[in-house]
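Trainee:
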Amino acid sequence: MLKKLLFVVLFSVMVASVSLQKFTEDLTDDDDSIIFGRSSDIANEFSEEYINFLKTGHESESLKALSNKLANMHTLKEIFTTSIAEWKTKDQLFMCTTCQAVVNIITHMFRDENGELNGPNAESNTKNLMLELCQRFQLQTPDVCSGLFDVNWPTVHYIVMNSKADARSICGLLPISFCVVKQEEFEWSVEVDNTTGPLTKPKDEIPQKTANDLRILHLSDIHYDPDYKEGSLADCEEPLCCRNADNINIPDQLGAGRWGDYRDCDAPMRLVVNALEHIQTQGQIDYIYYTGDIVPHNVWSTTEESNKEIITEIFDLLSKHFGKTKVYPAIGNHEAHPANVFGNENVPSNFSSVWLYEHLWTLWSDWLPIEARDTILKGGYYTVTPRPGFRIISLSNMDCYIFNWWIYYNGKETSLPQLQWLHDTLLAAEENGEHVHILAHIPSGGKDCWPVWAREYNRIIERFSHVISGIFNGHTHRDEMLLHYSERGHPMAISWNGGSLTPYSYKNPNYRIYDVEPQTFQVVDHETWIFNLTEANEQGDLGTPRWFKEYHFSDFTNDLSPAGIDQWFNFMAENPDLLRKFWSFKVTLADPKLSTGCNNKCLSDTICQLAVSANNQKGRCQELQSILETKFSYVHACSRIDMDTLKNFPNYDYLSDIQEILLEMDESSASEILVLLGEELIITCCTGIIDRAFRCLGTELQEFLGSLDGVYDVLKLQEEDDCSDTGFVCAGDGELIFTSDRPVIAWLLLGSLKALTRMLFNVYVNIKIEPVEGDNRRYRYLFSVAKEVPALRSLELIKQAPDVPTQRSNSTNAADLSMNSTTFCKAFPWHFIMNDQLDLVQLGRGFSKLYKPYMADYGCHATTYFDFKRPKGLTVKFRDIVRRTYTPFLIALKNPANVEDFTAKGLEIKGQMVHCPESNSLLFIGSPFLDGLDGLTCNGLFISDIPLHDATREVILVGEQARAQDGLRRRMDKLKSSIEEANAAVAKERKKNVSLLHLIFPAEIAERLWLGATIDAKTYPNVTILFSDIVGFTSICSRATPFMVISMLESLYKDFDEFCDMFDVYKVETIGDAYCVASGLHRASIYDAHKVAWMALKMIDACLKHITHDGEQIKMRIGLHTGTVLAGVVGRKMPRYCLFGHNVTIANKFESGSEACKVNVSPTTKEWLIKHAGFEFELKPRDPSCLPKEFSNVGNDTCYFLESYRHPSLDDYLPLDDHIKAAMKTIIPVASN
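Counting from 4, one number per residue, gives the positions in the sequence shown under my numbering.
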């Protein structure tokens, strides 16, 4: 982190000799050497100018102006929170330049005896300089800059003073293409056993699922932050947010969520615990892999003690939740203090990381054998054998991390020992017949990993690829993978990345479970689980995250061998939409990421990352990007077409319009785009039943081509398309002739055929297209194998054995047995043989029965007796028929003599033509195309005319049986319909009855009554009861007719019933003018008294809007009381839900003691009401004598008149309805609990 800060600081002070224009010009067209030369010149000039500035203290006006412009040019926080791989070219130029400038300045000012930063005050002088630059350019807050300096100063100072590293060597390690220079001092290699030699083929053994597959949990990058504060500022200036509790009045959109935050915030404890609890619901977990990073991203304020506490807390949680399940951890770069900096045994003891290794051993010792102790204390790595034949190797590969300062001091001594140990351990595993999983925090293919380390690591993997069954990483926080390639380009091993639990930098929390087969221990599938952070935080404290299975890897491919994954990369490069889907899983479907999407550059970077296992070996990456770029070019060309110029013709007619526009744009690419469009058509549509249909056409390419015409002929028949002359003719091995009156489709078909051969038969083919001479509607496609798809079964174009003439033989050998014509004609009654002149030379018994009497008079030419109806467009010539032998034939019988009793006229025979080269003749074998018994008898045929082996017999008989079954089915359907109608009527009546019960009884009671269950009486505490009475009701009844009284009550009680629904209270009964309700029976809450009180006020208010028959205003008195009641169902024929008990009587008495247009409230009810502000009572206290004598008076209690309600948040002048509605909005969520 300090190195990043130093880079940023120095880039911001390009002074005097550096113009702003040099930094803003476009760099994309320059090669690396030009950019590096420019960068070096700027860095050298700047170093001199800036040292002079420090010596003289004079800051020029140009320096001030340039500093301000540079300070405002970038959002510098991104340099701290994004990967180097995501930096743009100009950012990389700044980093390369400032690195060289910084190192030049530091080495001069420290190493020179008279250096400005040398001597006893070196630390304070350097810190002041860094803080001044930090403030000048607003790189970070003073606390972050000061903290970064404090934690990194001792290490950086020691390395600068005790090494010969300079700008060329240090900055050459940056993963920036134009900054890399050859560094002999950093070149080293592992001694690799060469017994087996280089890898000569891909690792293509496909792992298969079994019933005994192991389940391995992969956790990574928890980054637990004990200082996470819900509601704190989530969008801050520091590299880590959501932890500043001093902020007040933070808007909701800027506050940290309850379960974490997408922005630069780490995981709160509740997220970690919830994740572990959810994992416990997944069933048996055999092993747990944890691939590092527990400590949060507060890299400027870590300490050894705080890191120990956080690490201990997380590993204790794992032990608590998973008991005896073995956990196999790897160290992450954030576990160290300072972060990223790991000193091994070759550094001074005061800089060593042994404190961390000792602490980890105390935590891991319950999971690991004692044999692992030595290597853990030495460098944090170990090996273990959980079961016979299976070994796990856990690396501490911080010695590949470019932000581990010690690799700049003694890179070889830092990195070589552990890699050599890895090699030797794998060699022993090979000798013991073991399969190995490797755990390591940092993937070797990323730009964060030292290229020479990644190269040597890859060499080891190549040597032992047959031993290594899987590699498991973390660090990137992304759900991704990496394929390792050998020096010759063969796929050889897969690295799986476990994502992260922390949502830091826009991720949803996630974990992964692998299915691992128990023989070779290869991964056969994995599933990733996530929850949506936005959804979880919107619930607040009312719910927990909803974890869901994001995807199975087998959704993409079932072949998880390295070769299979390599082939899948090709498929994704050819299908950008599929690649974009993979990217969405890579970013864990996080809302901020999905909202921005993944453009072409993003897709290109995504496909490249998958195939780079050492960041300076990008051959396979470039190959995949080239395939993807071809797709992008196609899309770009199509996007330039003005769709408004296209005619809206049916079918494929509009393709001609597209071709014309493409030809105007670029004649050479028009056909290529149409070919790509044909490929895309197959890739998009060839799924499900269509895919299965294609695969049924043949086991190999030649059979497939031969079947096309017949299938297409049937499809035309089904669509009643008799006008098109389109057709397919398989003219020979690897040759297809296509006929169409739409020439543009010929190019579309070429692309489709390419995609089909690749998908169905796993071969790449070259297809040459050429027009057939003399017919501009016909095209010849010539197929030749281009290359076989790696890792899949090799399939070649069909190669038929040469035709061998047969000779008559009397041998009894089974291979030589022959059949005479009589036997053949009997066995195949519906066949004929014709010579090259199309004369019939042999007829089966069926044809002979029909035509033999006429041949003496009408000759033997086939067209006299047969009408060739299919294939369509067939020219009835011997050569043309031979070409169509792969196509089904349909012939119709003719009436040669025009006799009236020739009943078989028009009978269709469907069959196959077979070319017999030994006699240069054609054999037709078929069977009648009949529709049941009626078709048989109408053509004068009998069942006996159909041979026993012919399925037509079964078709006829089954057809008759089907007719009988259809009749029975129709009768059953009619009966079924009548039953369904009766059931619907019963259901309708039941619904009416249930609805009626719900109007009379509480919902729970109504359901139990309908089911016939016994309803026991039940005691309910704190029930608030309302009794009401109309003042002068007897006098009203004496002056009005019964109809008038009923109309008045119906109108008034209709409003009251609506109030019951509004406040969710239960209407107990209505007797005359008495209206009684209660709350707290079926859904009790702390607001039952409030709801009844609000209803009482609404009832008094409603009475003001109703009048009696003689125009007088209705006046009502109401009483409220709260207490325990007994409730139950009484009666059988007319059951009622009644309330009983002392408190019911008291409630009634409070109504009797009330006054007109007033609500009399008991002391117990008032106690509930005053718990929340807003209820207004009559100011003048009433005499205790107003209390019913049945009420047990304690102290100076009295009764109260409730006058009104005013919600605290509303103005008093607003009507009562507004105040009550505001209160209901507040209490509804609580009341529903």
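Ideal Cβ positions, reconstructed from N, Cα and C, are used throughout, including at glycine.
Thinking just about the alpha-carbon of each residue, which of I1049, N540, V1026 and M1102 is nearest to the one in G1083?
Mentor: Position 1080 of the sequence shown holds residue 1083. That would be V1026, whose Cα lies nearest to the Cα of G1083.
Trainee: When you compare the CB positions of G543 and D224, do they come within less than 8 Å of one another, or not?
Mentor: Position 540 of the sequence shown, counted from the start, is the residue given in the question as residue 543. Position 221 of the sequence shown, counted from the start, is the residue given in the question as residue 224. It is not a contact, given that the beta carbons lie outside the stated cut-off.
Trainee: Using only CA atoms, which one of H440, Q620 and A1159 lies nearest to M1119?
Mentor: Position 1116 of the sequence shown, counting from 1, holds the residue named residue 1119. Nearest C-alpha to M1119: A1159.
Trainee: Sort K311, M1051, V193 and K1101 by Cα distance to E1061 and report the nearest one.
Mentor: Indexing the sequence shown from 1 puts residue 1061 at position 1058. Of the listed residues, the one whose Cα sits closest to E1061 is K1101.
Trainee: Which of the three DSSP states, helix, strand or coil, is assigned to D1200?
Mentor: On the sequence shown, residue 1200 is found 1197 positions in, with the first residue counted as 1. Three-state result, D1200: coil.
Trainee: Beta-carbon separation of Y384 and L398 under 8 Å?
Mentor: The residue labelled residue 384 in the question sits at position 381 within the sequence shown. The residue labelled residue 398 in the question sits at position 395 within the sequence shown. Contact: yes.
Trainee: When the Cβ atoms of the region 488-506 are set against those of the region 216-235, are three or more pairs found closer than 8 Å?
Mentor: Contact holds: three or more Cβ-Cβ distances are below 8 Å.
Trainee: Express the C-alpha separation of V768 and Q810 in angstroms, rounding to a whole number.
Mentor: Locating residue 810 in the sequence shown gives position 807, counting from the first residue. Locating residue 768 in the sequence shown gives position 765, counting from the first residue. Because the pLDDT at Q810 is just 46, under 50, the model does not fix this residue reliably, and the point stays unresolved.
Trainee: The alpha helix (DSSP H) that contains H160, what's its start and end?
Mentor: Against the sequence shown, residue 160 aligns to sequence position 157. Where H160 is concerned, the enclosing alpha helix (DSSP H) stretches over P145 to M164.
Trainee: So, do the region 884-896 and the region 866-875 have three or more beta carbon pairs nearer to each other than 8 Å?
Mentor: Result yes; three or more Cβ-Cβ pairs closer than 8 Å.
Trainee: Could you tell me which residues DSSP pairs with I109 in its beta bridges?
Mentor: One-based indexing of the sequence shown puts residue 109 at position 106. Beta-bridge pairing links I109 to no other residue.
Trainee: Should the region 376-383 be regarded as contacting the region 347-366, the criterion being three or more beta carbon pairs within less than 8 Å?
Mentor: Enough Cβ pairs lie closer than 8 Å, so yes.
Trainee: Output needed for T633: all residues of its chain with C-beta closer than 8 Å, excluding positions within five of it in sequence on either side, in chain order.
Mentor: As a position in the sequence shown, residue 633 is number 630, starting the count at 1. Only L679 meet the Cβ criterion.
Trainee: Looking at G1177 and P1218, is the spacing between their C-beta atoms short of 8 Å?
Mentor: Reading the sequence shown from its first residue, position 1215 is the one you call residue 1218. Reading the sequence shown from its first residue, position 1174 is the one you call residue 1177. Taking 8 Å as the Cβ cut-off, P1218 and G1177 do not qualify as a contacting pair.
Trainee: Where does A1130 sit, in a helix, a strand or coil, going by DSSP?
Mentor: As a position in the sequence shown, residue 1130 is number 1127, starting the count at 1. Strand at A1130.
Trainee: Check each candidate in P229, I317 and A270 and name the one with the smallest Cα separation from T305.
Mentor: As a position in the sequence shown, residue 305 is number 302, starting the count at 1. Minimum Cα distance to T305 is reached at P229.
Trainee: Which residues bound the beta strand (DSSP E) around L222?
Mentor: For the purposes of this step, residue 222 is taken as residue 219 along the sequence shown, with counting starting at 1. Here the beta strand (DSSP E) through L222 covers L217 to L222.
Trainee: Taking the Cβ atom as the reference point for each residue, do Y784 and L753 lie within a distance shorter than 8 Å?
Mentor: Along the sequence shown, one-based indexing puts residue 784 at 781. Along the sequence shown, one-based indexing puts residue 753 at 750. Cβ distance < 8 Å, so Y784 and L753 count as in contact.
Trainee: Among the candidates M762, P931, K994 and N336, whose CA atom is the shortest distance from the CA of P832?
Mentor: The sequence position of residue 832 within the sequence shown is 829, counting from 1. Ranking M762, P931, K994 and N336 by Cα distance to P832 puts P931 first.
Trainee: Would you tell me roughly how many angstroms separate the C-alpha atoms of L708 and F588, rounded to the nearest one?
Mentor: Walking along the sequence shown from the start, residue 708 turns up at place 705. Walking along the sequence shown from the start, residue 588 turns up at place 585. About 39 Å.
Trainee: Looking at C-alpha atoms only, which residue of Y1090, L563, F786 and T742 is the closest neighbour of P774?
Mentor: Reading the sequence shown from its first residue, position 771 is the one you call residue 774. Checked all of Y1090, L563, F786 and T742; the closest Cα to P774 is T742.
Trainee: State the Cα-Cα distance for the pair N215 and D518, rounded to the nearest angstrom.
Mentor: Numbered from its first residue, the sequence shown carries residue 215 at position 212. Numbered from its first residue, the sequence shown carries residue 518 at position 515. The alpha-carbon atoms of N215 and D518 are separated by roughly 10 Å.
Trainee: Would you be able to state if there are at least three C-beta pairs under 8 Å between the region 563-580 and the region 445-453?
Mentor: Output reads no: the region 563-580 does not touch the region 445-453.
Trainee: If you measure between the beta carbons of Y331 and P271, is that distance less than 8 Å?
Mentor: One-based indexing of the sequence shown puts residue 331 at position 328. One-based indexing of the sequence shown puts residue 271 at position 268. Going by C-beta atoms, Y331 is not nearer than 8 Å to P271.
Trainee: Do D528 and G556 come within 8 Å of each other at the CB atom, strictly closer than that value?
Mentor: Walking along the sequence shown from the start, residue 556 turns up at place 553. Walking along the sequence shown from the start, residue 528 turns up at place 525. A small fix is needed here, since residue 556 is Phe in this sequence, not Gly. Cβ atoms of F556 and D528: closer than 8 Å.
Trainee: Report yes or no: do three or more beta-carbon pairs, one from the region 354-362 and one from the region 415-431, lie closer than 8 Å?
Mentor: The answer is no - the region 415-431 does not touch the region 354-362, with fewer than three Cβ pairs under 8 Å.
Trainee: If you run the structure through DSSP and keep just helix, strand and coil, what is V615?
Mentor: Position 612 of the sequence shown holds residue 615. Correct three-state label for V615: coil.
Trainee: Given a threshold of 16 other Cβ atoms within 10 Å of its Cβ, counted over all protein chains shown, does M975 qualify as buried or as exposed?
Mentor: In the sequence shown, the residue the question calls residue 975 occupies position 972. With fewer than 16 other Cβ atoms within 10 Å, it is exposed.
Trainee: Mapping the DSSP letters down to three states, classify F1059 as helix, strand or coil.
Mentor: Residue 1059 sits at position 1056 when you count from the first residue of the sequence shown. Correct three-state label for F1059: helix.
Trainee: Start and end of the beta strand (DSSP E) containing N310?
Mentor: Mapped onto the sequence shown, residue 310 falls at position 307. Looking at the DSSP string, N310 is not in any beta strand (DSSP E); the run it does join, the alpha helix (DSSP H), is E307 to F325.
Trainee: How do the region 1135-1147 and the region 1179-1187 stand: do at least 3 beta-carbon pairs fall below 8 Å, yes or no?
Mentor: Touching, no, given that fewer than three Cβ pairs across the two stretches are closer than 8 Å.
Trainee: Along the alpha helix (DSSP H) that carries S824, what are the first and last residues, could you check?
Mentor: The sequence position of residue 824 within the sequence shown is 821, counting from 1. S824 to A830 is the extent of the alpha helix (DSSP H) around S824.
Trainee: Taking the beta strand (DSSP E) that A496 belongs to, which residues open and close that run?
Mentor: In the sequence shown, counting from the first residue as 1, residue 496 sits at position 493. Run containing A496: P494 to N500, per the beta strand (DSSP E) assignment.
Trainee: Using CA atoms only, rank isn't needed, just tell me which of N277, S352 and F406 is closest to A539.
Mentor: Walking along the sequence shown from the start, residue 539 turns up at place 536. Measuring from the Cα of A539, the nearest candidate turns out to be N277.
Trainee: What are the boundary residues of the alpha helix (DSSP H) that includes W453?
Mentor: What you label residue 453 is simply residue 450 of the sequence shown in a count that begins at 1. Neither: W453 is in no alpha helix (DSSP H) and is coded neither H nor E.
Trainee: Would a C-beta distance cut-off of 8 Å place W586 and L613 closer than the cut-off?
Mentor: The count along the sequence shown starts at 1 and reaches residue 586 at position 583. The count along the sequence shown starts at 1 and reaches residue 613 at position 610. Taking 8 Å as the Cβ cut-off, W586 and L613 do not qualify as a contacting pair.
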